[in-house]
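There are 6 protein chains.
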Amino acid sequence: MVYITRKETFNAAHRLFKAEWTDEENLKVFGKCSNPNWHGHNYTLFVTVCGEVNPCNGFLVNLKTLSKIINKTVIEKMDHKNINLEVDFMKGKMASTENLAISIFEQLEEPITAIGANLYCVKLFETENNYVEYFGKAK
Amino acid sequence: MVYITRKETFNAAHRLFKAEWTDEENLKVFGKCSNPNWHGHNYTLFVTVCGEVNPCNGFLVNLKTLSKIINKTVIEKMDHKNINLEVDFMKGKMASTENLAISIFEQLEEPITAIGANLYCVKLFETENNYVEYFGKAK
Amino acid sequence: MVYITRKETFNAAHRLFKAEWTDEENLKVFGKCSNPNWHGHNYTLFVTVCGEVNPCNGFLVNLKTLSKIINKTVIEKMDHKNINLEVDFMKGKMASTENLAISIFEQLEEPITAIGANLYCVKLFETENNYVEYFGKAK
Amino acid sequence: MVYITRKETFNAAHRLFKAEWTDEENLKVFGKCSNPNWHGHNYTLFVTVCGEVNPCNGFLVNLKTLSKIINKTVIEKMDHKNINLEVDFMKGKMASTENLAISIFEQLEEPITAIGANLYCVKLFETENNYVEYFGKAK
Amino acid sequence: MVYITRKETFNAAHRLFKAEWTDEENLKVFGKCSNPNWHGHNYTLFVTVCGEVNPCNGFLVNLKTLSKIINKTVIEKMDHKNINLEVDFMKGKMASTENLAISIFEQLEEPITAIGANLYCVKLFETENNYVEYFGKAK
Amino acid sequence: MVYITRKETFNAAHRLFKAEWTDEENLKVFGKCSNPNWHGHNYTLFVTVCGEVNPCNGFLVNLKTLSKIINKTVIEKMDHKNINLEVDFMKGKMASTENLAISIFEQLEEPITAIGANLYCVKLFETENNYVEYFGKAK
Chain A
4 MVYITRKETF NAAHRLFKAE WTDEENLKVF GKCSNPNWHG HNYTLFVTVC GEVNPCNGFL
64 VNLKTLSKII NKTVIEKMDH KNINLEVDFM KGKMASTENL AISIFEQLEE PITAIGANLY
124 CVKLFETENN YVEYFGKAK
Chain B
4 MVYITRKETF NAAHRLFKAE WTDEENLKVF GKCSNPNWHG HNYTLFVTVC GEVNPCNGFL
64 VNLKTLSKII NKTVIEKMDH KNINLEVDFM KGKMASTENL AISIFEQLEE PITAIGANLY
124 CVKLFETENN YVEYFGKAK
Chain C
4 MVYITRKETF NAAHRLFKAE WTDEENLKVF GKCSNPNWHG HNYTLFVTVC GEVNPCNGFL
64 VNLKTLSKII NKTVIEKMDH KNINLEVDFM KGKMASTENL AISIFEQLEE PITAIGANLY
124 CVKLFETENN YVEYFGKAK
Chain D
4 MVYITRKETF NAAHRLFKAE WTDEENLKVF GKCSNPNWHG HNYTLFVTVC GEVNPCNGFL
64 VNLKTLSKII NKTVIEKMDH KNINLEVDFM KGKMASTENL AISIFEQLEE PITAIGANLY
124 CVKLFETENN YVEYFGKAK
Chain E
4 MVYITRKETF NAAHRLFKAE WTDEENLKVF GKCSNPNWHG HNYTLFVTVC GEVNPCNGFL
64 VNLKTLSKII NKTVIEKMDH KNINLEVDFM KGKMASTENL AISIFEQLEE PITAIGANLY
124 CVKLFETENN YVEYFGKAK
Chain F
4 MVYITRKETF NAAHRLFKAE WTDEENLKVF GKCSNPNWHG HNYTLFVTVC GEVNPCNGFL
64 VNLKTLSKII NKTVIEKMDH KNINLEVDFM KGKMASTENL AISIFEQLEE PITAIGANLY
124 CVKLFETENN YVEYFGKAK
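Residue numbers (the numbering used here), protein chains in the order written: chain A, 4 to 142; chain B, 4 to 142; chain C, 4 to 142; chain D, 4 to 142; chain E, 4 to 142; chain F, 4 to 142.
In structure tokens form, the structure reads like this:
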């Protein structure tokens with residue numbers, strides 16, 4: 004079993020808030036992350052897949068194929084977007100790094116399985132000082 | 004003459020667009036950076052001051068003082084903010100990295116001169132792939 | 004289960020040596036790390052906690068709370084300190100990166116459990132070329 | 004149980020291709036990585052060993068000893084070399100990052116066991132955008 | 004006057020040697036960089052242009068246009084190539100980082116002038132431990 | 004004219020204080036950097052030399068020669084040392100990053116001139132958040 008990881012990046016706006024709360028309540032829980040006028044980040048995404056090496060070409064998975072899947076499924080939907088307003092798979096969810104990592108994992112699972120690999124981990128940096136890892140429901 | 008540089012960071016939302024243009028015109032010139040729903044970045048700011056070393060304490064400038072000036076004058080006004088809507092010194096200006104670097108330089112010039120140092124350069128990274136440097140009107 | 008990681012840094016002096024050995028014996032085993040006049044490092048600390056995401060706020064743990072715990076329990080005790088002479092939880096221990104990672108884990112375990120999260124891993128870089136990971140007694 | 008990791012680097016040329024295929028077939032599968040005139044990379048290698056901390060010296064393993072083993076067994080054979088033509092342990096294998104990580108692990112396993120440590124993981128970056136991890140046959 | 008910098012990368016093989024020297028003579032002067040079987044690097048290129056900010060769009064230069072010029076003029080010719088054998092503008096030159104930086108500058112000067120900007124500096128990293136800067140014939 | 008830069012690192016202990024001041028006075032001016040028990044850093048040093056490219060070998064200067072000079076003149080004297088107590092060229096000087104950069108420049112100037120190159124700049128990082136540049140007395 005080998006693990007291969009591809010790094011991609013996207014830049015997006017977001018806000019942490021609950022619609023049913025007042026701005027004051029949101030400010031108390033989420034601090035400046037609740038700014039109603041939005042703020043944003045350069046997100047860095049690491050997608051790890053695992054499996055056996057194909058003896059024919061020495062690859063676990065063709066990295067160009069993996070990169071295309073990540074770009075089509077995640078990056079094109081999120082890059083230079085407002086996560087709360089424009090990302091279909093985040094509708095109705097808090098735009099926390101935790102939820103982003105879980106939702107990105109769920110988006111990637113099917114297309115990566117379809118090319119014969121196993122999605123092992125999604126690791127998402129919001130800033131250089133904090134990141135979230137999600138390994139799927141089993142772990 | 005010695006040059007000392009302090010790094011600070013802020014996360015903000017912005018949009019490149021001209022109010023007098025249609026969304027289509029803005030899209031043509033600014034691409035996805037014109038998204039009306041905003042996007043954002045982790046900005047990294049390097050502020051360089053120059054001068055002589057004080058023989059008494061070995062400092063060109065006390066870095067804590069420099070950091071406080073940068074935080075009060077720039078970071079607190081920009082961090083977790085919408086640059087177009089909320090940053091007073093960017094009002095009426097295109098929120099490009101070029102204009103941001105120039106405006107941050109102008110904000111810092113007076114308070115840094117007031118502590119007896121010379122502001123030499125503001126270097127601003129929008130992403131790890133592009134940055135702007137501004138050295139003031141003289142250069 | 005989700006894993007979230009917070010990065011913090013501290014700068015400290017230390018020395019590797021055994022009091023019951025001569026300087027020559029210490030030099031033989033620990034090399035230049037045994038310098039009786041001390042040397043130091045910029046340590047980089049990554050603290051990973053795991054658990055379920057709170058559906059109410061989308062957080063596994065509030066990162067500000069986590070950062071405060073790390074700062075109060077570890078950073079304030081170690082930053083700009085001499086690890087051998089001044090850090091209470093390192094008294095009587097060799098100041099190796101291995102022991103530092105284990106001791107930092109032990110310091111963090113209780114206060115992190117107290118906020119309802121599980122301390123999963125402490126990862127400590129001594130330089131950019133070497134780091135230690137400790138996952139607790141169970142692993 | 005503690006895990007300690009050492010980083011080393013090497014610069015090498017390689018090519019992805021199957022000798023029994025035409026250049027056109029190789030181009031189709033491996034893209035520009037199949038260039039018959041070679042290309043190259045700055046590889047970054049992270050070697051992780053695990054075990055108990057020696058209470059006498061606070062070390063899991065002496066990092067200088069570990070670094071010497073990695074340099075003698077891997078770096079000296081690969082640095083400034085052509086992986087396809089000159090690296091004995093890659094003869095007859097596709098020079099993919101996956102196969103490199105596996106083969107480097109196999110090279111390091113015996114000498115690291117000989118110093119009383121356990122080789123846990125080999126992590127190899129080909130570029131800053133992709134890396135492979137291998138944990139041995141058991142995982 | 005403002006300075007804006009764009010980062011691009013390419014991976015290539017090369018060799019330092021003089022055809023009129025023996026392998027032994029080349030080895031003596033160039034060390035392992037003269038390996039007749041080639042070696043390679045992940046090169047990182049920073050291209051800095053300077054000029055006035057266009058008041059209409061807030062740009063010194065459109066970064067997408069700059070990136071396209073760098074890619075068409077430099078990256079496509081060098082990425083996954085053998086610098087000695089395949090890069091037209093390096094024919095007959097020693098493939099040192101110094102000569103690469105100068106030659107890349109010369110390649111970029113005309114197309115960058117053609118879009119109304121001034122090429123200020125080419126900065127080229129061969130590894131993370133060494134880089135060359137070239138500012139043109141005037142400096 | 005071309006500029007080539009070599010990166011080296013060293014780890015050292017230091018303290019900012021004036022012997023003629025009390026600990027309280029030192030604490031007031033230098034804060035935690037005045038800790039009488041020392042603290043330390045991983046310093047990162049960038050040495051830039053400039054000159055013409057030698058048409059015979061394509062080098063401004065042989066980087067191995069430059070690295071040897073930096074190591075013999077600076078790194079061996081500072082690595083794993085106490086800067087205040089053990090570094091001959093810092094005797095009687097405040098161990099600030101400013102003074103370190105100036106003193107390292109002065110140490111390197113003669114041996115670099117002796118190999119026919121010009122020392123252009125010493126850039127010294129104390130942490131990833133601050134660095135000093137010194138270009139010699141002329142600038």
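C-beta atoms are modelled at their ideal positions from N, C-alpha and C, and glycine is treated no differently.
Contacting residues, own chain, Cβ-Cβ under 7 Å from residue i (five flanking each side not counted)
i	result
residue 84(C)	15, 90
residue 97(B)	19
residue 140(E)	none
Beta-carbon contacts of residue i that lie in its chain and below 6 Å, excluding the five residues immediately before and after
i	result
residue 135(E)	100, 101, 104, 127
residue 10(B)	49
residue 120(B)	52, 54, 64
residue 129(D)	44, 100
residue 36(B)	19
residue 137(C)	104, 105, 108, 125
residue 165(D)	Look at the range of chain D in this structure, 4 to 142, and you will see that residue 165(D) is not part of it.
Below-9 Å beta-carbon distance, residue i vs any chain A residue
i	result
residue 103(B)	no
Simplified DSSP state of residue i, which is helix, strand or coil
i	result
residue 108(B)	helix
residue 15(C)	strand
residue 118(E)	coil
residue 59(D)	coil
residue 45(C)	strand
residue 54(D)	strand
residue 25(B)	coil
residue 138(F)	coil
residue 5(C)	strand
residue 32(B)	helix
residue 128(E)	strand
residue 80(C)	helix
Cut-off 8 Å between Cβ atoms - residues of its own chain near residue i, not counting five sequence neighbours on either side
i	result
residue 111(F)	50, 72, 73, 76, 77, 122, 125
residue 62(C)	56
residue 5(B)	53, 54, 55, 56, 63
Min CB distance residue i to chain D below 9 Å
i	result
residue 134(C)	yes
residue 34(A)	no
residue 12(E)	yes
residue 67(A)	yes
residue 8(A)	yes
Residue i versus residue j: straight-line alpha-carbon distance, rounded
i	j	result
residue 39(E)	residue 32(E)	14 Å
residue 20(B)	residue 25(A)	30 Å
residue 82(F)	residue 107(F)	13 Å
residue 86(F)	residue 42(A)	44 Å
residue 47(F)	residue 28(A)	45 Å
residue 115(E)	residue 133(D)	32 Å
residue 8(A)	residue 117(A)	17 Å
residue 113(E)	residue 92(B)	37 Å
residue 95(D)	residue 23(D)	12 Å
residue 69(F)	residue 88(C)	38 Å
residue 58(E)	residue 60(A)	53 Å
residue 66(D)	residue 17(A)	44 Å
Chain C contact for residue i (CB, 9 Å cutoff)
i	result
residue 125(D)	no
residue 61(D)	yes
residue 131(A)	yes
9 Å Cβ cutoff, residue i in contact with chain B
i	result
residue 22(A)	no
Cutoff 9 Å: residue i Cβ touching any chain G Cβ
i	result
residue 120(A)	Judged by its chain identifiers, the structure shown contains no chain G, and its protein chains are A, B, C, D, E and F.
Within-9 Å CB hit, residue i to chain F
i	result
residue 19(E)	yes
Residue-level contact to chain E via CB, residue i, 9 Å cutoff
i	result
residue 16(D)	yes
Check your understanding: Going along the segment 77-109 of chain A in order, which residues come within less than 8 Å of chain B, judged by CB to CB distance?
Key -> Answer set for the segment 77-109 of chain A: 82, 83, 84, 85, 88, 89.
Exercise for review: Using a Cβ-Cβ cut-off of less than 7 Å, list which residues of the segment 25-51 of chain F approach chain C; keep chain order.
Suggested key: Cβ proximity to chain C below 7 Å picks out 35, 36, 38, 40, 41, 42, 43, 44, 45 from the segment 25-51 of chain F.
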